[in-house]
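Have a look at the structure below, then the notes.
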């Protein structure tokens, strides 16, 4: 992990190395955001965000925070716009008749650290772009790991397939969805590889992966989540991500005491855990591209009161 001082130079450098997210959308992806794009307003938002970043990092260097933040592609968005655009995880009560419960042995010693990335369980960081499709990326990520565990083949699976084809089970494309229902959909229909699925609508090709069911981790139990991560593989989790502190996360162990444990607006993939200077953390893969955080990943506080609800809604597929 690079030291935070390497990431913060002068405002001029930040300005030119982090172009407007709206310009990226307009020129790189062809997306035309429906909310206001007035240059003066956007500049004001950017400057307010920069002030927040500078204040946070001043406090960070004084030891008041365990993580640093930095300007990124979301710099000219308000927190509300950011959350409405990217964080569209839907919530619902789980039916115990549909989902089995993962049972952890409380007497079993767990390893001090786990990281499934070098073992081949995790595909590269992906980018959901201007779309509330985190649920689809969480679904493919957790199934990719379990499919590798079963077959020895790491196949990048198609989020677009889920967005296009799984509305019948209650998903809503860019407007939100459920990783639990997505896995049950895959149980019945299978899923295409990312390489093979054409981005032209719901056209079914021969599936390359499927699952037999879904297992839930006991709600609010970080001990059970750790046991699942250590023995099963990467685990899909819900998370309260609708805060400026997370929007601009750069490095360190993320912790925000104002986070909710119940209102979870984002889906992520826990790929391991470890300890830094005596502080335990989860290793988490995001779906906002490699420009965000630590090359698309972040560390967040572990065994600290279920911070941001990381253990409130965790699951994995049975393959």
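In this note's numbering, the protein residues as written are 6 to 324. Quick reminder that beta carbons are idealized off the backbone N, C-alpha and C, glycines included. On a predicted model such as this, the values are computed, not experimentally measured, just so you know.
For residue i: DSSP bridge partner residues
i: residue 220; result: 105, 321
i: residue 305; result: 259, 287
i: residue 273; result: 242
i: residue 348; result: This structure cannot speak to residue 348, because the chain is shown only from 6 to 324.
DSSP three-state assignment for residue i, whether helix, strand or coil
i: residue 194; result: helix
i: residue 214; result: strand
i: residue 287; result: strand
i: residue 39; result: Note that residue 39 scores a pLDDT of 40, beneath 50, so its modelled location is shaky and nothing firm can be said.
i: residue 121; result: coil
i: residue 279; result: strand
i: residue 235; result: helix
i: residue 62; result: helix
i: residue 204; result: The pLDDT assigned to residue 204 is 42, lower than 50, so where the model puts this residue is not dependable, and the model offers no usable value.
i: residue 297; result: coil
i: residue 313; result: helix
i: residue 13; result: Its pLDDT being 23, under 50, residue 13 is placed unreliably in this model, and the value from its coordinates should be taken loosely. It is coil, neither helix nor strand.
i: residue 92; result: coil
i: residue 87; result: helix
i: residue 29; result: For residue 29, the predicted model reports a pLDDT of 49, less than 50, meaning its position is unreliable; a value from the coordinates is still stated below. Note: residue 29 maps to helix in three-state DSSP.
i: residue 49; result: helix
i: residue 251; result: helix
i: residue 111; result: coil
i: residue 56; result: helix
i: residue 81; result: coil
i: residue 98; result: For residue 98, the predicted structure reports a pLDDT of 46, less than 50, and the residue's modelled location is therefore unreliable. The matter cannot be settled from this model.
Closest by C-alpha distance to residue i, when choosing among the options
i: residue 115; options: 235, 49, 219; result: 235
i: residue 277; options: 303, 310, 283, 293; result: 303
i: residue 239; options: 119, 216, 160; result: 119
i: residue 248; options: 217, 174, 58; result: 58
i: residue 314; options: 280, 289, 285, 269; result: 269
i: residue 156; options: 125, 75, 181; result: 125
i: residue 187; options: 158, 65, 141; result: 141
i: residue 168; options: 143, 152, 153; result: 143
i: residue 171; options: 107, 306, 184, 311; result: 184
i: residue 233; options: 316, 90, 83; result: 316
i: residue 139; options: 307, 286, 273; result: 273
i: residue 327; options: 166, 284, 180, 105; result: Any answer about residue 327 is impossible in this case: the structure gives the chain only from 6 up to 324.
i: residue 266; options: 178, 280, 319; result: 319
i: residue 181; options: 231, 263, 76, 271; result: 271
i: residue 325; options: 285, 279, 221, 123; result: This structure cannot speak to residue 325, because the chain is shown only from 6 to 324.
i: residue 286; options: 322, 117, 87, 192; result: 117
i: residue 281; options: 305, 65, 262, 311; result: 305
i: residue 231; options: 251, 55, 121, 47; result: 121
i: residue 84; options: 311, 246, 290; result: 246
i: residue 47; options: 61, 74, 80; result: 80
i: residue 279; options: 308, 52, 264; result: 308
i: residue 312; options: 290, 261, 322; result: 261
i: residue 252; options: 43, 45, 201, 61; result: 61
i: residue 158; options: 127, 288, 86; result: 127
i: residue 244; options: 129, 219, 237, 275; result: 275
i: residue 161; options: 55, 200, 52; result: 200
i: residue 64; options: 322, 250, 86; result: 250
i: residue 324; options: 89, 189, 49, 178; result: 189
i: residue 89; options: 179, 241, 310, 53; result: 179
i: residue 229; options: 113, 164, 289, 66; result: 113
i: residue 137; options: 173, 177, 290, 152; result: 177
i: residue 153; options: 191, 214, 163, 56; result: 214
i: residue 212; options: 163, 237, 288; result: 163
i: residue 192; options: 321, 86, 43, 49; result: 321
Point to revise | the segment 294-307 contacting the segment 248-256, beta-carbon criterion three pairs below 8 Å | key: Touching, yes, given that three or more Cβ pairs across the two stretches are closer than 8 Å.
**Study point:** Three or more C-beta pairs below 8 Å linking the segment 190-202 and the segment 140-160
**Key:** With the cut-off at 8 Å, the segment 190-202 and the segment 140-160 touch.
Practice item. Mind listing, in chain order, the continuous alpha helix (DSSP H) runs of no fewer than 4 residues lying wholly within the segment 131-199? Key: Scanning the segment 131-199 from its first residue to its last, the whole alpha helix (DSSP H) runs of 4-plus residues come out as 139-156, 164-170, 184-194.
Review point. Does the pairing of the segment 219-229 with the segment 69-88 give three or more beta-carbon distances under 8 Å?
Key: With a cut-off of 8 Å, the segment 69-88 and the segment 219-229 do not count as touching, because too few Cβ pairs lie within range.
**Study point:** Stretch pair the segment 284-298 + the segment 128-139: three plus CB contacts closer than 8 Å
**Key:** Enough Cβ pairs lie closer than 8 Å, so yes.
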